[in-house]
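Some notes on the structure that comes next.
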Amino acid sequence: MKPSRYNFFFDFPEEPEKIVAYNSRTGALALMEKKNHDKYKNYVEKGISIDDSKLIEDLKKGQFLIDDNIDELQLLRFNLWRSRFNDKNLGLTIAPTLGCNFACVYCYEKDNQKDVFMSEEVQDKIVKYIKQRIKYLQSVNITECKYYLVWRGTFISF
3 MKPSRYNFFF
13 DFPEEPEKIV
23 AYNSRTGALA
33 LMEKKNHDKY
43 KNYVEKGISI
53 DDSKLIEDLK
63 KGQFLIDDNI
73 DELQLLRFNL
83 WRSRFNDKNL
93 GLTIAPTLGC
103 NFACVYCYEK
113 DNQKDVFMSE
123 EVQDKIVKYI
133 KQRIKYLQSV
143 NITECKYYLV
153 WRGTFISF
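Counting from 1, position 141 in the sequence shown corresponds to residue 143 in this note's numbering; the numbering is continuous, with no gaps.
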């Protein structure tokens, strides 16, 4: 067994004797005792066996430890391609306006901010598209600017 290359560990200020473990490939999140984290580190860095079968089981369950033959990069590629061609899930990113003034560093429109709003015709087409697909879908994920949504010319804050 080997450690996942997507493990991250953080101190937990509320409880200094604990560590937060996160695996960015699986989304696994765990709160572990520092002594168990030390056992994990000793295994990874020094090859010292972990003598606690429950700890090993928990680390495997969260995929913080994985089988030696697992290629995580290949798993990520597989999941990417599977999601691209999966017609059971629909993901939409809706930008109802380019007139945002938050200037978030990650925004794809940060250099192109205009007071342009999505027309009602486009809004109607989005709704029609979703209605056509909804009966075949297992999930719908709609994202937009996390600070506000403009729909039908109305600002909705959250």
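C-beta atoms are modelled at their ideal positions from N, C-alpha and C, and glycine is treated no differently.
Straight-line CA distance for THR99 to GLN65? Against the sequence shown, residue 99 aligns to sequence position 97. Against the sequence shown, residue 65 aligns to sequence position 63. A direct Cα-to-Cα measurement between THR99 and GLN65 gives close to 41 angstroms.
Exposed unless 16 or more other CB atoms sit within 10 angstroms - verdict on MET34: In the sequence shown, counting from the first residue as 1, residue 34 sits at position 32. It is buried - the Cβ of MET34 has at least 16 other Cβ atoms within 10 Å.
Helix, strand or coil: which one does DSSP assign to ASP13? Position 11 of the sequence shown, counted from the first residue, corresponds to residue 13. ASP13 carries a strand assignment under DSSP once its states are collapsed to helix, strand and coil.
Output the boundary residues of the alpha helix (DSSP H) element that contains ASN88. Stepping through the sequence shown from its first residue, residue 88 is reached at position 86. Here ASN88 belongs to no alpha helix (DSSP H), and DSSP marks it neither H nor E.
Answer with buried or exposed for TYR138, where buried requires no fewer than 16 other C-beta atoms within 10 angstroms of its C-beta. For the purposes of this step, residue 138 is identified with residue 136 of the sequence shown, where counting begins at 1. With fewer than 16 other Cβ atoms within 10 Å, it is exposed.
Per DSSP, what kind of secondary structure is ASN25 in: helix, strand or coil? In the sequence shown, the residue the question calls residue 25 occupies position 23. Secondary structure at ASN25: strand, using DSSP grouped into helix, strand and coil.
DSSP three-state call for ILE52: helix, strand or coil? Numbered from 1 along the sequence shown, position 50 holds the residue referred to as residue 52. In the structure shown, ILE52 sits in coil (DSSP, three-state: anything other than H, G, I, E or B).
Leaving out the 5 sequence neighbours to the left and right, which residues in its chain are closer than 8 angstroms to VAL129 when beta-carbon positions are compared? What you label residue 129 is simply residue 127 of the sequence shown in a count that begins at 1. Counting only Cβ-Cβ distances below 8 angstroms, and skipping sequence neighbours, we find nothing.
Does the Cβ of GLN134 lie closer than 7 angstroms to at least one heavy atom of the ligand ATP? With respect to the ligand ATP, the structure offers nothing, as it holds no ligand at all.
What number of angstroms, rounded off, separates the C-alpha of GLN134 from the C-alpha of ALA32? The residue you call residue 134 lines up with position 132 of the sequence shown. The residue you call residue 32 lines up with position 30 of the sequence shown. Each residue's alpha carbon lies about 40 angstroms from the other.
Alpha carbon to alpha carbon, how far is THR145 from LEU92? Give it in angstroms, no decimals. Mapped onto the sequence shown, residue 92 falls at position 90. Mapped onto the sequence shown, residue 145 falls at position 143. Approximately 11 angstroms, taken between the alpha carbons.
Beta strand (DSSP E) containing VAL142: first to last residue? Taking the first residue of the sequence shown as position 1, residue 142 is located at position 140. First-last of the beta strand (DSSP E) with VAL142: 141 to 145.
Here's the rule I'm using: 16 or more other beta-carbon atoms within 10 Å means buried, otherwise exposed. How should TYR108 be labelled? In the sequence shown, counting from the first residue as 1, residue 108 sits at position 106. It counts as exposed.
Inspect the beta-carbon positions of GLU59 and SER6 and report whether they are closer than 8 angstroms. For the purposes of this step, residue 59 is taken as the residue at position 57 of the sequence shown. For the purposes of this step, residue 6 is taken as the residue at position 4 of the sequence shown. Cβ distance not < 8 angstroms, so GLU59 and SER6 don't count as in contact.
GLU123 - DSSP class collapsed to helix/strand/coil: For the purposes of this step, residue 123 is taken as the residue at position 121 of the sequence shown. The answer is helix: DSSP assigns GLU123 an H, G or I state.
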